[in-house]
Each structure stands twice: as C-alpha cells, then as structure tokens.
Ligand SMILES: [Zn+2]
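Numbering (my numbering), first residue to last: 51 to 310.
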C-alpha cells in the first residue's frame, strides 16, 4: 500500500489472522529470518543507499522520510526482489508491530559499515521530514502496518543479534512477562510469554542460544549461515572444511613456488 509517498506492507482486507508458535520450530524460524536478511544484504544498491544515510553504522527508519522512498521505484529489480521476499515472510509469520515509542534501527553489516564513517551534517538539512515521520507514525498506531523500509531494518537488526553481536550491552526484551511456578514436589519452573512478532522471535532466540545452547555461524568456506551446538565450528560441512584446507594448501604451494 502506498500512502504519502511511502510504501507499506499491511494485511489484505480479507486476510485471516492465525496464531503462530515461535517455539515450535526455532531453527526454522531463525534460518527463515537469516535468509530474508541475506536477500536484503545482497542488494548492493539498497545497502549503499542505507550506508549513505547512516550515522556511525547505525541506520534509523526516519531516513525513508528524508528523500523519495527507495521502494517506490518499481522498475528497480532490487525493489521487486525485496518486496517479494518480505511478502512471502509476512504470509508465513505476519508483520512486526510498528512501535510509537522507539524508532526501528539497525547496525549495518561490517562490509557496508566502512562506507559510513562520516557523520551527516545537520546544518543545512531541514528537519521538516521528522514532523511528517512522527505524525504519520502516530496516525497509524491502531493499524497493522509497517513501512517496507522499516521492515528491512527489522531483519538487519535480527541478523546482527543472531550472528555477530557487536555490543556487550544488556538488551531489553520488550513486551515480555516472566512467570515462576513453584509447586510442592515439582522442580521450580521459569516461563516467559511474549506479545508481538519481534518479542516472540527474541524469546525464541533466547531459548535457542541459552537453553539449547546453539549458535548461528557463517561458513568460512562457502559463506552460508548454519546452526551448530559448538561455537568453534567454522564450516557448515566436512566437505567445506576439506575444500577450504585444500585451497589454502594450494595457495601456499603457489606462493612458495613463486618464491623459489
Ligand atoms: Zn560451507
């Protein structure tokens, strides 16, 4: 849906809501999120656009109000690719809540962070877009809706949380409640309940990483993400380990050959 020159994703009028259990298949959920994030990061034009508008590697959703929305250019193949990927994800899991009290933001992947060392100058840029951004957000509070741009940041943020966590700060888990059950004769139990897509995903990831002690790693050979119980695992398969080592040996031999 397009409104005031911004593209949004919202349920169709005849859409039926369904309940999703994020704990049912955590590995599947995490891999689905990572593959959406990878589609987004593979769009070099879009990533460069984000990098240019970011401040110290952090990009906030308000930048989509500053200029023409990147996603209104329907002739751009990157736009089509990202839209189709986001729609397929929404079909399966729904969309995150567009929260009034905080801006959607994300840390850019390392390879794009390099492009963002400058801090944008405030002097000349008029801040009228901020007003439009905030009033739009307030006016849509009771609607199930998310701007396409903010939705992409949602995935970049999760990718960062799942893989390389670049901050050691404690992260607040939003919209969660903790429960404690201590019945006689039974082992005390801690339970948590989350409301909304993002809190549910974070809760699922907490179970994944602290309960099941699993990790998401990127294969040193093929670059694919995979899930492993051992944090030191560097390759997605024995095949990748072998081919990486063979390539290294070959490189070494070649180098030695030239030196001789
Ligand atoms: Zn691999």
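A virtual CB, placed ideally from N, CA and C, is assigned to each residue, including glycine.
Identified DSSP bridge partners for residue i
i, result
"residue 197", "58"
"residue 278", "265"
"residue 155", "110"
"residue 231", "239"
"residue 303", "Answer by DSSP bridge pairing: none, since residue 303 is not bridged."
"residue 105", "108"
"residue 272", "Residue 272 pairs with nothing; no bridge assigned."
"residue 52", "57"
"residue 93", "Answer is none; residue 93 lacks a bridge partner."
"residue 286", "The partner list for residue 286 (beta bridge, DSSP) is empty, contrary to what the question assumes."
Proximity below 8 Å, CB of residue i to CB of residue j
i, j, result
"residue 135", "residue 198", "no"
"residue 157", "residue 113", "no"
"residue 212", "residue 154", "no"
"residue 150", "residue 116", "no"
"residue 194", "residue 145", "yes"
"residue 283", "residue 267", "yes"
"residue 80", "residue 258", "yes"
"residue 140", "residue 59", "yes"
"residue 277", "residue 77", "yes"
"residue 265", "residue 245", "no"
"residue 70", "residue 148", "no"
"residue 122", "residue 57", "yes"
"residue 263", "residue 279", "yes"
Proximity test, residue i beta-carbon vs ligand 1 heavy atom, cut-off 7 Å
i, result
"residue 271", "yes"
"residue 226", "no"
"residue 55", "no"
"residue 290", "yes"
"residue 274", "yes"
"residue 287", "yes"
CA-to-CA distance, residue j to residue i, given in whole angstroms
i, j, result
"residue 120", "residue 248", "24 Å"
"residue 304", "residue 290", "21 Å"
"residue 27", "residue 214", "Given that the chain is displayed from residue 51 to residue 310, the structure contains no residue 27 and the question cannot be resolved."
"residue 208", "residue 240", "25 Å"
"residue 285", "residue 235", "45 Å"
"residue 73", "residue 138", "20 Å"
"residue 55", "residue 190", "15 Å"
"residue 179", "residue 105", "17 Å"
"residue 218", "residue 92", "27 Å"
"residue 220", "residue 260", "14 Å"
"residue 52", "residue 61", "13 Å"
"residue 243", "residue 237", "19 Å"
"residue 270", "residue 86", "20 Å"
"residue 274", "residue 287", "10 Å"
"residue 98", "residue 142", "29 Å"
"residue 255", "residue 307", "48 Å"
"residue 111", "residue 293", "41 Å"
"residue 163", "residue 65", "39 Å"
"residue 177", "residue 102", "18 Å"
Cβ of residue i within 8 Å of any chain B Cβ
i, result
"residue 93", "Here chain B cannot be found, since the structure has a single protein chain."
Quick check: the segment 177 to 184 against the segment 123 to 132, are there 3 or more CB pairs under 8 Å?
Between the segment 177 to 184 and the segment 123 to 132, the count of Cβ pairs shorter than 8 Å is below three; the stretches do not touch.
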